[in-house]
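Working notes for the structure below.
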Amino acid sequence: MIRKGLIKTSELTRLAKLARSENVTVEIERDGVKIRVMPFDGNFCAAEPTFQKSGNGEHEWWTRKNESKSGKTFDPDAIVKRHYDSIGYDPKSMSDKDYERLYKIADAKRIAEIPLEKLLKAEKKALLQLREYGLGVLVPWQDVKGCGPSTEERLHARDFIEIRMQEEFPDRVGAYLLTEAGLKAVEAFDHTEVQTLLSAISSKRGKIGRS
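In my numbering, the protein residues as written are 2 to 212.
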């Protein structure tokens, strides 16, 4: 656990939301302890957090440059500012409660707009796999290859899938089931595209269904 007084809960929550919304790793240093927050799939997380001791006791945003696959670099400070600007938050004049309120509004709007967006390939692959099991059949999350948190969220926002949480760990996803709306969406896929997607799933993820 993070020792008392090292970092406020509200600040840690803010870092977590920033990491999730921007899909980046954020790192700060407090009293010789480095705290790193990154987006992850809860189904693969460790039971306990880990820490790295640092000789530098300064509190600072992680200012090291990070290289993307394209070779471009980005500045974490700019990402933080972009995130704040996107939800209308001014850290100099607003409180933590203002941040929470604005974040919830922005996140709700983002999710509400998902059904208006074009289906991504990852969504189509997940739907095709779920179709193999049938309408309304509970499918363990690990059996739907390539369906990460983002894809899962998008499909749920479209009402294409229902999500069931694990009984032992209520905060973790346990299974998906294909809805009627999801089945109709799959049936409307272009036949040629379906064959291409199925081939990609088969070659990269293994045989679809219970193997």
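Glycine residues also receive a C-beta, built at the ideal position from the N, C-alpha and C atoms.
Which of helix, strand or coil does DSSP assign to E133? helix
Rounded straight-line distance, which links the Cα of T26 to that of T152: 20 Å
My guess is that L13 and H84 are in contact by the Cβ rule of under 8 Å, so how many angstroms apart are they, rounded? So it is not a contact: roughly 16 Å between Cβ atoms.
At the level of alpha carbons, what is the spacing between K110 and S22? 13 Å
Assigned exposure category for H60 - 16 Cβ within 10 Å defines buried: Low per-residue confidence applies at H60: pLDDT is 34, beneath 50, and the placement is therefore not dependable, though the value from the model is reported in the following sentence. Label assigned to H60: exposed.
Taking buried to mean at least 16 other C-beta atoms within 10 Å of its own C-beta, is V140 buried or exposed? buried
Find the nearest neighbour of G175 within the set V34, V138, P116, judged by alpha-carbon distance. V138
Terminal residues of the alpha helix (DSSP H) in which Y104 lies: 97 to 114
Beta-bridge partners of V270, as assigned by DSSP: Within the shown structure, residues of the chain are numbered from 2 to 212, placing residue 270 beyond reach of any answer.
Short Cβ contact (8 Å threshold) for L184 with R132: yes
Please report how far the alpha carbon of A158 lies from the alpha carbon of P92, in whole angstroms. 30 Å
Go ahead and label L117 buried or exposed: buried means 16 or more other beta carbons lie within 10 angstroms of its beta carbon, across all protein chains shown. exposed
State the beta-bridge partners of I164 as determined by DSSP. Y177
Do you know offhand how far D191's Cα is from T197's? 10 Å
V140 - partner residues in DSSP beta bridges: Y177
Under the three-state DSSP convention, the category F52 falls into: Residue placement at F52 is poorly supported in this model, since its pLDDT is 42, which falls under 50; the coordinates still yield a value, given next. Looking at F52 - three-state DSSP - the assignment turns out to be coil, as it is neither helix nor strand.
Taking DSSP as the reference, what is the three-state secondary structure of R1? An answer regarding residue 1 cannot be provided, because it is not within the stretch 2 to 212 covered by the chain.
Let's test the definition: count the other Cβ atoms within 10 Å of the Cβ of Q130 and tell me whether it reaches 16, buried, or not, exposed. buried
Tell me whether the beta-carbon of T180 lies closer than 8 Å to the beta-carbon of E154. no
May I ask you to report which of helix, strand or coil DSSP gives L156? helix
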